[in-house]
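Chemist: Protein chains in written order, with our numbering: chain A, 1218 to 1332; chain B, 13 to 121.
Every residue gets a Cβ at the ideal spot worked out from N, C-alpha and C, and that includes glycine.
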Amino acid sequence: DTGVSQDPRHKITKRGQNVTFRCDPISEHNRLYWYRQTLGQGPEFLTYFQNEAQLEKSRLLSDRFSAERPKGSFSTLEIQRTEQGDSAMYLCASSSLDRDTGELFFGEGSRLTVL
Amino acid sequence: GQNIDQPTEMTATEGAIVQINCTYQTSGFNGLFWYQQHAGEAPTFLSYNVLDGLEEKGRFSSFLSRSKGYSYLLLKELQMKDSASYLCAVRADTDKLIFGTGTRLQVFP
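Quick look at the structure:
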């Protein structure tokens, strides 16, 4: 396994459209995280899963955002009725509970531009 | 609330030593991480501290004082490729990582 992969890498959409991002974590990792990052800022937590269970969702996250991890492997992040403020890099990361440090391994991200 | 502070930008000269500070106030503490992020790329893991003291890994070292809510990342023998953003992150009372805004380091010849 070569790492966390995300698709698409770039997405340009018009305001009001729905978009969906996919994340494939490192295969033996049971935790999967979604973060959002804008220019000059650190990653902002959105939500995370342990296996297929969504354990936490940021209070800042609008109802337009939904994430799933139906079989405990890949995950999708959907944004409905996109707004210009949703333009950002969406980062996925995975980790293993079996590692002492539990560091997150990040994917290359999906860059969203809302026109 | 959760708050992680680090300087926005730093500059240094090739071959020098630079120290990037991070202070945090979080609800609970289960470890502090440093990540490196080159422009347009994903963050990559550098170091992890959960107990007080210094952790050394090659040219990079990280220090933690839990009583002071303070950490630093020390980079020695700076190289041009070290120009990047350095992110301080805390695992607080849940297992997510909370990130600071990052410190953009520019290394000049």
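Going along chain B in order, which residues have a C-beta closer than 9 Å to the C-beta of A/F1262?
Modeler: The contacting residues are K108, L109, I110, F111.
Chemist: Can you list, in chain order, the residues of the region 1263–1276 of chain A whose Cβ is nearer than 7 Å to any Cβ on chain B?
Modeler: Taking 7 Å as the Cβ-Cβ cut-off against chain B, the residues of the region 1263–1276 of chain A that qualify are Y1265, E1273.
Chemist: Rounded to the nearest angstrom, how far is the Cβ of B/L109 from that of B/F45, given a contact under 8 Å?
Modeler: The pair is a contact, with the Cβ atoms about 6 Å apart (cut-off 8 Å).
Chemist: If we cut at 8 Å on Cβ distances, does B/P55 have a partner in chain A?
Modeler: Taking Cβ atoms only, chain A reaches closer than 8 Å to B/P55, which makes this a yes.
Chemist: Consider the Cβ of A/F1234: report whether some Cβ of chain B lies at a distance smaller than 8 Å.
Modeler: Note that residue 1234 of chain A is Gln in the sequence shown, not Phe. For A/Q1234, the answer is no, since every Cβ of chain B falls outside 8 Å of its Cβ.
Chemist: Check whether chain A comes within 8 Å of B/F45, counting only Cβ atoms and requiring the distance to be less than that.
Modeler: True, the Cβ-Cβ gap to chain A drops below 8 Å.
Chemist: In chain B, what lies closer than 7 Å to A/L1321 by C-beta?
Modeler: Here the neighbours are L109.
Chemist: Applying a beta-carbon distance threshold of less than 8 Å, which residues of chain B neighbour A/E1325?
Modeler: Per Cβ cutoff of 8 Å: E53, A54.
Chemist: Counting C-beta neighbours from all protein chains within 10 Å, is the total for A/E1300 16 or more, i.e. buried, or is it exposed?
Modeler: When all chains shown are included, A/E1300 counts as exposed.
Chemist: Which ranges does the beta strand (DSSP E) cover as unbroken runs of at least 3 residues, wholly within the region 1226–1299 of chain A, from first to last along the chain?
Modeler: Here the runs fully enclosed are 1227–1230, 1236–1241, 1248–1254, 1261–1267, 1270–1274, 1282–1285, 1292–1296.
Chemist: Got a sec: which bits of the region 1278–1308 of chain A sit with their beta carbon under 8 Å from any beta carbon on chain B, in order along the chain?
Modeler: Answer set for the region 1278–1308 of chain A: L1308.
Chemist: With 16 as the cutoff for other CB atoms within 10 Å, does A/G1259 come out buried or exposed?
Modeler: With 16 or more other Cβ atoms within 10 Å, it is buried.
Chemist: Could you pull the start and end residues of the beta strand (DSSP E) that B/N61 belongs to?
Modeler: First-last of the beta strand (DSSP E) with B/N61: 56–61.
Chemist: Could you tell me whether the Cβ of A/T1318 comes closer than 8 Å to any Cβ of chain B?
Modeler: Chain B contact via Cβ: present.
Chemist: If you count every other CB in all the chains shown that lies within 10 Å of the CB of B/N61, and 16 or more means buried, which is it?
Modeler: With 16 or more Cβ atoms within 10 Å of its Cβ, B/N61 is classed as buried.
Chemist: Out of curiosity, what's the CA-to-CA distance linking A/S1292 and B/G27?
Modeler: Between A/S1292 and B/G27, the C-alpha separation is close to 43 Å.
Chemist: Check whether the Cβ atoms of B/P19 and B/I29 sit closer than 8 Å, and answer yes or no.
Modeler: The answer is no: Cβ separation not under 8 Å.
Chemist: State the DSSP-derived secondary structure class of B/D105, mapped to helix, strand or coil.
Modeler: B/D105: coil per DSSP, three-state reduction.
Chemist: What does B/L99 touch in chain A if you count any residue whose Cβ is under 7 Å from its own?
Modeler: Ordered by position in chain A, the residues that pass the 7 Å Cβ test against B/L99 are G1259.
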